[in-house]
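Participant: Be aware that the sequence shown starts at 712, since it is given in the working numbering, and climbs by one per residue. Don't be surprised by glycine CBs; every beta carbon is placed ideally from N, CA and C. A single structure is presented below for examination.
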Amino acid sequence: MTIRDVARAAGVSTSTVSYVLSGKRPVSAETRRRVEHFVAELGYHPHAGARALASKRSHIIALVVPLRTDVYVPVMMEIATYVTMTARKHGYDVLLITNDEGPDGIRRLAASGLADGVILMDVELGDERISTLGELRTQTVLIGLPDDPAGLSCVDHDFSAAGALCVDHLAGLGHREIAFIGYGTGIYRRRAGYAERTLAGFRARAEELRMRFLHSSCEGTYESTAGALGHILSDRPGTTGFVVQNERALGPLLHLLRTRGRIVPDKASVIALCPERLADQYAPALTAVTGAAKELGRIAVEQVISRIFASVRGRRPDDALVLLAPTLTVRESTGPVRLSDPS
């Protein structure tokens, strides 16, 4: 299968097919759709080496994914999947790089010339890799939000808004004493943006509404979840609302509340920050605040391709900051406070 076969089927010139695949020149939306249809139908795959020589680009995007025991792998892999799917639609392949090498790994990647651009995941507030990418002038997009996003393209869930949304929901149900069960201490120590920003949004809204609250870190094991719950109920026995940003702690917490006679949602309400499919797996099904992994992947790829094209054309790439609004879905795990709740 050659580019001529695609051109013949689509009724266009080979150069038009080339422009659709490379993005070098604008092509009408109707023509682009027709060409992309026959590329997919005929199973055409451009020869990577020839394409790279012709365009002086590799048509590869490097995706730096976390290699950590303290992250929830299914979420990271879901985002990586959508990055890969979107990249393929634009004629790019994805090279997976683990983040265990830190800045040195980024330097090695940039020096190799393997990738036209980089998408960086698991961003910390003071991430050392960002300054390295700036020095190397590599076209980069962050899935995550650092302390200072100036001069960067970033896309992330609005975790601050997610934390506040949890508080608003519990306050609307009459809860006045609430708790936040978060990740293990290591995640906060390294200042992972998703953890820090969610907790900050939760804390700020709770203070604004004059609600009493506690935060307890948790490694997600049954023992650590029991310790976190014990600490909360020892200090604040009147706690009736629980916000959980730790996927591994959800099952243990529901069991522990039940064994303590705090049946959910009659005597305690639980909100999870987790994927939709996970929230539906528990009994009772969990009220959850979620964000779309598909949108994160799509926007990150579109941002990095835009930056690559601008660079090729000698223009300064536009910086973009996109925060995706969280969605709260009410299920069975939250309800109004009852006067008979323990205090």
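#1: Consult DSSP for V723 and reduce its assignment to one of helix, strand or coil.
#2: Once you ignore the five residues that flank E846 on each side, which residues in its own chain have a CB closer than 7 angstroms to its CB?
#3: Please report the distance separating the alpha-carbon of E1043 from that of R779.
#4: Cα-Cα, which of G949, G837 and A939 is closest to L965?
#5: Between F953 and E888, what straight-line distance do the alpha-carbon atoms span, to the nearest angstrom?
#6: Looking only at its own chain, which residues have a Cβ that is under 8 angstroms from the Cβ of I771, when we skip the five neighbours before and after it?
#7: Going along the chain, which residues of its own chain have a beta-carbon closer than 7 angstroms to the beta-carbon of A872, five neighbours each way excluded?
#8: Have a look at R715 and Y755 and give me their C-alpha separation to the nearest angstrom.
#9: Quick one: complete alpha helix (DSSP H) runs, 4+ long, within the stretch 809-881?
#10: For V784, count neighbouring Cβ atoms within 10 angstroms of its own Cβ and tell me buried if that reaches 16, exposed if not.
#11: Since A875 and R916 are thought to touch, with beta carbons under 8 angstroms apart, how far apart are those beta carbons, to the nearest angstrom?
#12: Can you tell me which of the three DSSP states A906 falls into?
#13: Near R743, what residues of its chain come up, given a Cβ to Cβ distance below 8 angstroms and the 5 sequence neighbours on each side ignored?
#14: Measuring alpha carbon to alpha carbon, tell me which of I790, Y894 and R840 ends up nearest L863.
#15: Where does L1039 fall in DSSP's three states?
#16: Along the chain, where does the beta strand (DSSP E) that runs through E789 open and close?
#17: With a Cβ-Cβ cutoff of 9 angstroms, do A815 and A903 count as a contact?
#18: For L807, which three-state DSSP category applies?
#19: If I measure Cβ to Cβ from V786 and keep anything under 7 angstroms in the same chain, skipping five residues before and after, which residues do I get?
#20: Specify, as a first and last residue, the run of the beta strand (DSSP E) that I772 falls within.
#21: Among the candidates I830, A822, E747 and S842, whose CA atom is the shortest distance from the CA of V1012?
#22: Taking the C-alpha atoms as reference points, what is the distance between S823 and T851?
#23: Quick one: what does DSSP say L997 is sitting in, helix, strand or coil?
#24: Using the three-state DSSP reduction, which class does L968 fall into: helix, strand or coil?
#25: Considering only C-alpha positions, which residue in the set N810, T792 and I1019 is nearest to E1006?
#26: What do you get for R988, buried or exposed, if any count of 16 or more other CB atoms within 10 angstroms of its CB means buried?
#27: Closer than 8 angstroms is the cut-off here; do at least three beta carbon pairs connect the stretch 990-1003 with the stretch 917-934?
#28: Pick helix, strand or coil for G949, following the three-state DSSP scheme.
#29: Do the CB positions of G1002 and A960 come within less than 9 angstroms of each other?
#30: Nearest by alpha-carbon distance to R947: which of H868, M922, P860 and V775 is it?
#31: Under 9 angstroms between C-beta atoms, does A939 make it to chain B?
#32: Quick one: grab the DSSP three-state call for I982.
#33: Which residue marks the beginning of the beta strand (DSSP E) containing S927, and which one marks its end?
#34: If you follow the alpha helix (DSSP H) that E987 is part of, which residue opens it and which one closes it?
#35: Start and end of the alpha helix (DSSP H) containing E1013?
Facilitator: So, from the listed chains and residues:
#1: coil
#2: none
#3: 32 angstroms
#4: Check the Cα spacing between L965 and each of G949, G837 and A939: the tightest is with A939.
#5: 9 angstroms
#6: So the list reads Y803, D804, V805, L806, L825, A826 and D827, once near-sequence residues are dropped.
#7: Excluding positions up to five away in sequence, the list reads G912, A1036 and P1037.
#8: 10 angstroms
#9: 813-823 and 839-847
#10: exposed
#11: 4 angstroms
#12: In the structure shown, A906 sits in a helix (DSSP, three-state: H, G or I).
#13: V731
#14: R840
#15: strand
#16: Counting along the chain, E789 falls outside any beta strand (DSSP E), though it belongs to the alpha helix (DSSP H) covering V784 to K800.
#17: Looking at the sequence itself, residue 815 is Asp, so the reference to Ala does not match. No, they are not a contact pair.
#18: strand
#19: P986 and A1004
#20: I771 to V776
#21: I830
#22: 16 angstroms
#23: coil
#24: Helix, per DSSP.
#25: T792
#26: exposed
#27: no
#28: coil
#29: no
#30: M922
#31: The structure shown has no chain B; it contains just one protein chain.
#32: strand
#33: R923 to S927
#34: Segment E987 to A990, the alpha helix (DSSP H) holding E987.
#35: A1004 to V1023
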